[in-house]
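Enquirer:
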Amino acid sequence: MDEDPEHKFILREDFLKFVSVENTTGKNVSNVILDCISSLGINPKYMVGQGYDGAAAMSGHFKGVQTIIRKEYPAALYVHCSAHSLNLALSHSCSIQHIRNCIGTIKSVGNFIKSSATRTEMLKKYIKEQFPESKWTKLTSMCETRWVENHDGLIRFTEIYKAIVNTLEELQSTRDIETSSKALQLGKTIITSDFVISMVSASTLFSLTLPLCKNLQSVNCDLTEAMEYVDTVLHEIKDMRGNMNNTFSKIFKKTDALIKSIDSEEVIKIPRIVGRQKNRSNIVMDSPEEYYRVTIAIPFFDDFIEQLQTRFNNHKNIISSLHKLLPKMCNTFEIDLNDFEIYSAFVDLEVLPQEINLWKRKWTEKVDKDLPNSAIEAYVKCNYEYFPNISFLLKILATLPVSTATPERSFSTLKRLKNFLRNSSGQERLTGLALLSEQTY
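Residue numbers for the sequence shown follow the working numbering, beginning at 10 and rising by one.
1. Return yes when the Cβ of Leu409 is within less than 8 Å of the Cβ of Gly73, no when it is not.
2. Would Tyr395 pass as a contact of Phe18 if the rule is Cβ separation under 8 Å?
3. Drop a sphere of 10 angstroms on the beta-carbon of Ser400, count the other beta-carbons inside from all chains shown, and report buried for 16 or more, exposed for fewer.
4. In three-state terms, what does DSSP make of Tyr450?
5. Taking the C-alpha atoms as reference points, what is the distance between Glu275 and Leu195?
6. With 16 other CB atoms within 10 Å as the buried threshold, where does His93 fall?
7. Roughly how many whole angstroms lie between the Cα atoms of Pro381 and Lys369?
8. Could you name the residues of the same chain whose beta carbon sits closer than 6 Å to that of Ala384, not counting the 5 residues immediately before and after it, in chain order?
9. Take Val28 as the anchor and find which of Asn428, Ser446, Phe420 and Met338 has the nearest alpha-carbon.
10. Tell me which same chain residues have a C-beta within less than 6 Å of the C-beta of Val239, skipping the five on either side of it?
11. Checking the sheet assignment: what are the DSSP bridge partners for Gln59?
12. Taking 8 Å as the threshold (C-beta atoms), are Leu177 and Ala211 in contact?
13. Should Val303 and Lys263 be called a contact, given that it needs their Cβ atoms to be closer than 8 Å?
14. Does any C-beta atom of chain C lie closer than 8 Å to the C-beta of Val118?
15. Under 8 Å by Cβ, that's how I've got Leu132 and Ile199 pegged, so tell me the actual separation to the nearest angstrom.
16. Quick one: Cα of Asn32 to Cα of Ala65, how far?
17. Are there 16 or more other CB atoms within 10 angstroms of the CB of Pro336, so buried, or fewer, so exposed?
18. On a Cα-Cα basis, can you pick out the residue from Pro141, Thr241 and Glu81 that is closest to Ala354?
19. Please report the distance separating the alpha-carbon of Tyr450 from that of Asn252.
20. Who are the Cβ neighbours of Asn175 in its own chain at under 7 Å, not counting the five residues just before and after it?
21. Are there 16 or more other CB atoms within 10 angstroms of the CB of Asp203, so buried, or fewer, so exposed?
22. According to DSSP, is His93 part of a helix, a strand, or is it coil?
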């Protein structure tokens, strides 16, 4: 937490340095982290949060880095990167057969077109002809690690679907055998009912999670705000799932419109049903809309809702005590003082009960519009001289790590700095160049 030139408190995430790690066991990595912090003049006893991905070496409950550090510094709560958690929830949901095959095909089409400048220009030509007001001029990668691009890639593919189909149709008549045969295979695949319904279903869900994905990677987002964003998306998806007949009716109509827009002979119909089937859905339904709703949309939505609840449950438990100190919560929930024992090194637990009572009274008669909406706003409104313990706890709540997106951006910097043309930089010089690249003032 820092103060900007206008004397407003802001959250900051700063790259410090690259550190060489020769052994990736939890014990060694934790020692490297603590030694690095100490060498920079930072006292580790003030560590109140740890943010990593879900790798066993980092998050393990027995020999993971977070466990070893917490044994020495109990207040350093481990928070699984929220952006990773969202990506894992989506990845698990997309493992459903129809959705998995759809996304795999989208990746193949993207790679096929982008691998040739001629194909890319051909697609650009069709986009300009058919979607003159579109902001897209090309396909983007369905990247496993660049989460926002993953969302954008699917949404973009859906919006310029007709141009992609026409591009593949033209490529089928080229003289190159490999190009024409590949274009034929992909072209036949992306006009099938299964593919288009899966694409529209996934695009509908990804459109909801795209803003969430961006917010979870924001530097200025605290953990309380992040969980509010997650709950907002979760409630919206639950409402859509609760009214699935209406939700899927819109998806089905959009699918039908897309298929008609490409003048395809494909008709949305129920696949052949056999007595015994292991490799695909084999449910007897009266109409194609019912069949695809039961076999694609419902499992996809159900799985994502379950994953979102499961993967963010621990995040909510971490802030379950601290977020009750927020002005909009303090008079609604009962505050258990035992929850703050892990912070006994920072706050006076004997004085805290009376301080909480005064804090509650301060906000009792305030209207909702006057209440701070975030931890950092509450911290600004909290007079340290009058509420020293609550002020410190609010600072902890504001600075708990939300995601590891900022440190992971340093990987892109490292890729630019250290390559086969420039591979002899020492550790100090490498860190200095990275700092120049990363820091913006």
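C-beta: ideal position from N, C-alpha, C; glycine also.
Expert: Short version:
1. Looking up residue 73 in the sequence shown gives position 64. Looking up residue 409 in the sequence shown gives position 400. In this structure, Leu409 does not lie closer than 8 Å to Gly73 by Cβ.
2. Here residue 395 refers to the residue found at position 386 when the sequence shown is read from its first residue. Here residue 18 refers to the residue found at position 9 when the sequence shown is read from its first residue. Contact check for Tyr395 against Phe18 fails: the beta carbons are separated by 8 Å or more.
3. Residue mapping note: residue 400 aligns to position 391 of the sequence shown, counting from 1. Buried is the label assigned to Ser400, since at least 16 other Cβ atoms lie within 10 Å of its Cβ.
4. Taking the first residue of the sequence shown as position 1, residue 450 is located at position 441. For Tyr450, the predicted structure reports a pLDDT of 44, less than 50, and the residue's modelled location is therefore unreliable. The matter cannot be settled from this model.
5. Translated into the one-based positions of the sequence shown, residue 275 becomes position 266. Translated into the one-based positions of the sequence shown, residue 195 becomes position 186. For Glu275 and Leu195, the distance between alpha carbons rounds to 15 Å.
6. For the purposes of this step, residue 93 is identified with residue 84 of the sequence shown, where counting begins at 1. So His93 ends up on the buried side.
7. Your numbering for residue 381 matches position 372 in the sequence shown. Your numbering for residue 369 matches position 360 in the sequence shown. Their Cα atoms are separated by approximately 13 Å.
8. Locating residue 384 in the sequence shown gives position 375, where the first residue counts as 1. Excluding five sequence positions before and after Ala384, the CB atoms of its chain that fall closer than 6 Å to its own CB belong to Asp231, Thr233, Leu403, Leu406 and Ala407, given in chain order.
9. Against the sequence shown, residue 28 aligns to sequence position 19. For Val28, the closest of Asn428, Ser446, Phe420 and Met338 by C-alpha to C-alpha distance is Phe420.
10. The residue labelled residue 239 in the question sits at position 230 within the sequence shown. Within the same chain, and ignoring the five residues on either side of Val239 in sequence, the residues whose Cβ sits closer than 6 Å to its Cβ are Phe321.
11. As a first step, residue 59 must be located in the sequence shown, where it is residue number 50. As DSSP reads the structure, Gln59 sits in a beta bridge with Tyr87.
12. Position 202 of the sequence shown, counting from 1, holds the residue named residue 211. Position 168 of the sequence shown, counting from 1, holds the residue named residue 177. Cβ atoms of Ala211 and Leu177: not closer than 8 Å.
13. Start at 1 with the first residue of the sequence shown, and residue 303 comes out as number 294. Start at 1 with the first residue of the sequence shown, and residue 263 comes out as number 254. In this structure, Lys263 does not lie closer than 8 Å to Val303 by Cβ.
14. The structure shown contains no chain C, having only a single protein chain.
15. Within the sequence shown, numbered from 1, the residue matching residue 132 stands at position 123. Within the sequence shown, numbered from 1, the residue matching residue 199 stands at position 190. Wrong, their Cβ atoms sit about 13 Å apart, outside the cutoff.
16. Residue 32 sits at position 23 when you count from the first residue of the sequence shown. Residue 65 sits at position 56 when you count from the first residue of the sequence shown. In this structure, the CA atom of Asn32 is about 14 Å from the CA atom of Ala65.
17. Within the sequence shown, residue 336 is the residue found at index 327, counting from 1. Buried.
18. One-based indexing of the sequence shown puts residue 354 at position 345. Taking only the C-alpha atoms, the option nearest Ala354 is Glu81.
19. Reading the sequence shown from its first residue, position 441 is the one you call residue 450. Reading the sequence shown from its first residue, position 243 is the one you call residue 252. Low confidence applies to Tyr450: its pLDDT is 44, below 50, so where it sits in the model is not reliable, and the reading given next is rough at best. Going from the Cα of Tyr450 to the Cα of Asn252 covers about 49 Å.
20. Locating residue 175 in the sequence shown gives position 166, counting from the first residue. Cβ neighbours of Asn175 beyond the five flanking positions: Tyr135.
21. Within the sequence shown, the letter at position 194 stands for residue 203. Asp203 should be labelled buried.
22. Taking the sequence shown and counting its residues from 1, the one referred to as residue 93 is at position 84. DSSP, reduced to helix, strand and coil, places His93 within a helical segment of the structure shown.
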